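Residue numbers (this note's numbering): -16 to 160.
Even glycine gets a Cβ: it sits at the ideal position worked out from N, Cα and C.
Please read these numbers as outputs of a predicted model, since none were measured by experiment.
Worksheet for the structure shown next.
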């Protein structure tokens, strides 16, 4: 089985999650505003949920269904959040990310997403990328716009027991991107 490599950016190291990250993940992802702004993180988000989530990453990568990385500061190793392609279907990766509240507004989601897209484009031989954000999540909209993924339209999805409206973006890679 191939080993999931670390990815390096100017300020970050993207690395596979480890069991020791569970408490930090539960702490950062456990803030209510994270659940309010994401499709798949419930509130409360407790330690057993973080452990189960991390346990799923190895099989997902090994089966080529997706990939998840811990976003860590290159200078300190501090875990800030996550960036992933939790689904790869029909040659398209679906981008997802969350950043702990203390680290918002510093460009980490963009930097990590850009590195993940570059790596997965060739590793998984993707033909494109999809990404969605809840209509009220303007921070994610800003990240997606910086990534230059074109807006496709809105749709309503059932998530966490409610119907939520999301903005959908998609781009097909070509020789220039």
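Using a 10 Å radius around the Cβ and a threshold of 16 neighbouring Cβ atoms, would you call residue i buried or exposed?
i, result
"residue 157", "exposed"
"residue 152", "buried"
"residue 134", "exposed"
"residue 49", "buried"
"residue 5", "buried"
"residue 128", "exposed"
"residue 163", "A query on residue 163 cannot be resolved here, the shown segment of the chain reaching from -16 to 160 and no further."
"residue 92", "buried"
"residue 101", "exposed"
"residue 65", "buried"
"residue 76", "buried"
"residue 98", "buried"
"residue 145", "exposed"
Could you check the C-alpha separation between residue i and residue j for me, to the nearest Å?
i, j, result
"residue -1", "residue 52", "5 Å"
"residue 10", "residue 110", "35 Å"
"residue 1", "residue 45", "16 Å"
"residue 67", "residue -5", "15 Å"
"residue 32", "residue 61", "21 Å"
"residue 194", "residue 34", "There is simply no residue 194 to check, as the chain begins at -16 and stops at 160 in what is shown."
"residue 59", "residue 81", "19 Å"
"residue 105", "residue 74", "11 Å"
"residue 38", "residue 121", "31 Å"
"residue 118", "residue 40", "28 Å"
"residue 138", "residue -7", "36 Å"
"residue 36", "residue -13", "17 Å"
"residue 149", "residue 25", "17 Å"
"residue 22", "residue 155", "23 Å"
"residue 147", "residue 140", "5 Å"
"residue 131", "residue 84", "24 Å"
Does residue i come within less than 8 Å of chain C when only Cβ atoms are used?
i, result
"residue 9", "Chain labels in this structure do not include chain C; a single protein chain is all it has."
Which residues in the same chain as residue i place their Cβ atom closer than 7 Å to its Cβ, once the five residues preceding and following it in sequence are excluded?
i, result
"residue -11", "-4, -3 and -2"
"residue 79", "67 and 69"
"residue 136", "151"
"residue 103", "50, 68, 76 and 109"
"residue 28", "9, 12, 13 and 18"
"residue 55", "-5, -4, -2, 61, 62 and 63"
"residue 116", "123, 124, 127, 149 and 150"
Residues in its own chain within less than 6 Å of residue i by CB, not counting five upstream and five downstream?
i, result
"residue 126", "92 and 93"
"residue 113", "75, 77 and 153"
Leaving out the 5 sequence neighbours to the left and right, which residues in its chain are closer than 8 Å to residue i when beta-carbon positions are compared?
i, result
"residue 43", "49, 50, 51 and 69"
Problem set entry | Meets three-Cβ-pair contact criterion under 8 Å: the segment 86 to 99 and the segment 17 to 32 | Contact fails: fewer than three Cβ-Cβ distances are below 8 Å.
Exercise. Residue ranges of each alpha helix (DSSP H) run of no fewer than 4 residues wholly in the segment 105 to 151, ordered along the chain?
Worked result: Within the segment 105 to 151, the complete alpha helix (DSSP H) runs of at least 4 residues are 121 to 129.
Exercise. Curious, which full-length alpha helix (DSSP H) runs of at least 4 residues does the segment 50 to 90 contain?
Worked result: Runs of the alpha helix (DSSP H) inside the segment 50 to 90: none found.
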